[in-house]
Each structure stands twice: as structure tokens, then as C-alpha cells.
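This report refers to the structure that appears directly beneath it.
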Amino acid sequence: MTTPTDLAPRVVIADDQELVRTGFRLILTARGINVVGEAADGAEAVKAVRRLRPDVVLMDIRMPNMDGLEPARRILAQAPGCRVIMLTTFDLDSYVYSALAAGASGFLLKDVTPAHLAAAVRLVDTGDALLAPSITRRLVERYASSAAAPGSALPVVHRDLAVLTPREREVLTLMGKGLSNAELAQELILSEATVKTHVARIFAKLTLRDRAQAVVLAYETGLVAAGESVDRDR
1 MTTPTDLAPR
11 VVIADDQELV
21 RTGFRLILTA
31 RGINVVGEAA
41 DGAEAVKAVR
51 RLRPDVVLMD
61 IRMPNMDGLE
71 PARRILAQAP
81 GCRVIMLTTF
91 DLDSYVYSAL
101 AAGASGFLLK
111 DVTPAHLAAA
121 VRLVDTGDAL
131 LAPSITRRLV
141 ERYASSAAAP
151 GSALPVVHRD
161 LAVLTPRERE
171 VLTLMGKGLS
181 NAELAQELIL
191 SEATVKTHVA
201 RIFAKLTLRD
211 RAQAVVLAYE
221 TGLVAAGESV
231 DRDR
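The structure is reproduced here in C-alpha cells:
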């Protein structure tokens, strides 16, 4: 018989501070989420994910030996079904852009409330992005220019947009500008169900995880330029 615990997300917490790991574990466990492992640095996190196959990883961006970005890339490459939430002390940290480009599903500040932490884990476990498209857009605009700078360590995502239909390309462009599904439906005069179908096909064709990564891709492929907005009063 399946129990609620069996259906709960399986989580690995990676942070070099033991108190942070313990606090997050207690918070999540109290809310019915399974914390199946912990890691004190990036290398341990990669090993833990390989061994435990969690659904979600809470990954500190700044850790000794290997920061959170490299293990996030390795984890997402080795375990495509896993979701990574980056943990940071600083709002809109420049590392977060790089994490989103690598495929992370969002980020949380470490002073997140217990209820928000649990809700975030459950949200990304469903395949959704933790960041609203408009917030992601502002983040990308702030740091996208450095992605093209010589010697930049930020990853550049390459995709062949030719696989998209003209309508799908239009939808991706508008997602990059921060529109939600409801706003896309209004802008394109479509039903929300039709918009959701287009979005799902875009994700499948371009192997995108969620809307946050779609926004990053729209900027990195030149579909959207920093400062662009939809030409209407929203």
C-alpha cells in the first residue's frame, strides 16, 4: 500500500555548515519530506546523488573544495530526473545566473521560512521552476552580458532553434520576456491549454527543464535582448 511518505520527494542537502543541514533536515522531515542524505561539499553531493537517487538536491552555492555550480552540472548531467535548488546567502548572487543556465530549477535564500522551504521542494519536484519568469528575466538581464565576455566562466547554452515552429519560437521569445501562461494566452489570443501545449513541446524539443532555463536560453540565443519588454501595458 502506498503511503503519503512514499510519495514525498526524496531530498539530499549539500552544505558545508552542519547546523544548516541539520536545521533544513528537521524542517523538511517535520513536513513529511524524506531527507535521504547529506553532503558537506560538492564532491560528496555528487556521490550522494549517484548512490541515493534523490528527487531534489538543496545545494549551497559556496562550499570549500568544489563550489555548488560544478556538482550541480555533474548531477544534472548524470541524473536528468533530479532537480537542484541552489542555496545562497545573497539575493540575486551572480552565481545564480550560472546555476540557472546549468539547469538548476531556482534558488532560495538561507533565511527562507520553514513553510517556504518545504513548498519550494515540493514545487520543483513537480517539474516547475522555483523562480517566476519575471524574476528570472531581471536576474538574467543583470548578468547575461558577462556571459559573452572573453574569459567568462559563465556557461553558454547552445540549442538549435530551427526545430521550433514559428509559433513555438514566438512563445519562447515571450517567455524570455517574462510572460506567464495567462499573459501568453492573452498576448497570442490563445487558450491557456493551447499555450501549455506549446510550452511543453518547446521544453521537449530543446531539452529544457523548466521556465527558468527557457528564459536563460532566450537571452543566450539572442531571441531576447536585455531591456526588451512586451510592447503593451501589462
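In the working numbering, the protein residues as written are 1 to 234. Note that CB positions come from ideal geometry on N, CA and C, so glycine has one too. Owing to the predicted nature of the structure, the values given are computational and were not obtained by experimental measurement.
Three-state secondary structure assigned by DSSP to residue i
{"i": "F90", "result": "coil"}
{"i": "R10", "result": "strand"}
{"i": "V224", "result": "coil"}
{"i": "D233", "result": "Note that D233 has pLDDT 42, beneath the 50 cutoff, so the model's placement of it is unreliable and no number is given."}
{"i": "I202", "result": "helix"}
{"i": "R209", "result": "coil"}
{"i": "L130", "result": "coil"}
{"i": "A153", "result": "With a pLDDT of only 42 at A153, under the threshold of 50, the placement of this residue in the model should not be trusted, and no figure is reported."}
{"i": "L109", "result": "strand"}
{"i": "A148", "result": "Note that A148 scores a pLDDT of 45, beneath 50, so its modelled location is shaky; the value from the coordinates is reported in the next line. The answer is coil: DSSP assigns A148 none of H, G, I, E or B."}
N- and C-terminal bounds of the alpha helix (DSSP H) containing residue i
{"i": "L118", "result": "At residue 118 the sequence reads Ala, which differs from the Leu that was named. Note, A118: alpha helix (DSSP H), 114–125."}
{"i": "L161", "result": "Unbroken run through L161: none, as it is neither H nor E."}
Exposure of residue i, with buried meaning 16 or more beta-carbon neighbours within 10 Å
{"i": "P166", "result": "exposed"}
{"i": "A237", "result": "The chain is shown only over 1 to 234; residue 237 falls outside these bounds and no answer can be derived."}
{"i": "I61", "result": "buried"}
{"i": "F90", "result": "exposed"}
{"i": "D55", "result": "buried"}
{"i": "I13", "result": "buried"}
{"i": "A162", "result": "exposed"}
{"i": "P9", "result": "buried"}
{"i": "R211", "result": "buried"}
{"i": "G37", "result": "buried"}
{"i": "R189", "result": "The question names Arg, but residue 189 is Ile in the sequence shown. Burial call: exposed."}
{"i": "T88", "result": "buried"}
{"i": "R50", "result": "exposed"}
{"i": "A225", "result": "exposed"}
{"i": "D125", "result": "buried"}
{"i": "L19", "result": "exposed"}
{"i": "L123", "result": "buried"}
{"i": "G68", "result": "buried"}
Chain-order list of residues whose beta-carbon lies under 6 angstroms from that of residue i (same chain, five-residue window excluded)
{"i": "H198", "result": "E168, V171"}
{"i": "L208", "result": "A214"}
Beta-carbon contacts of residue i that lie in its chain and below 8 angstroms, excluding the five residues immediately before and after
{"i": "A185", "result": "S191, E192, T194, V195"}
{"i": "G81", "result": "D55"}
{"i": "N181", "result": "E192, V195, K196, V199"}
{"i": "A306", "result": "Within the shown structure, residues of the chain are numbered from 1 to 234, placing residue 306 beyond reach of any answer."}
{"i": "R25", "result": "I13, V35, E38"}
{"i": "A29", "result": "According to the sequence as given, residue 29 is Thr; it is not Ala. The residues are V35."}
Residues near residue i in its chain [Cβ-Cβ closer than 7 angstroms; skip 5 each side]
{"i": "V46", "result": "P71, R74, I75"}
{"i": "Q213", "result": "L100, G103"}
{"i": "P155", "result": "Only weak support is given to the placement of P155: the predicted model assigns it a pLDDT of 43, under 50, and the value that follows is read from those uncertain coordinates. Only S98, A101, A102 meet the Cβ criterion."}
{"i": "L223", "result": "L172, T173, G176"}
{"i": "A218", "result": "L172, T173, M175, G176, V224"}
For residue i, the first and last residue of its enclosing beta strand (DSSP E)
{"i": "G178", "result": "It is not in any beta strand (DSSP E) - G178 carries neither H nor E in the DSSP assignment."}
Problem set entry | Ranges of the alpha helix (DSSP H) found wholly within the region 22–81, counting only runs of at least 4 | 42–52, 69–78
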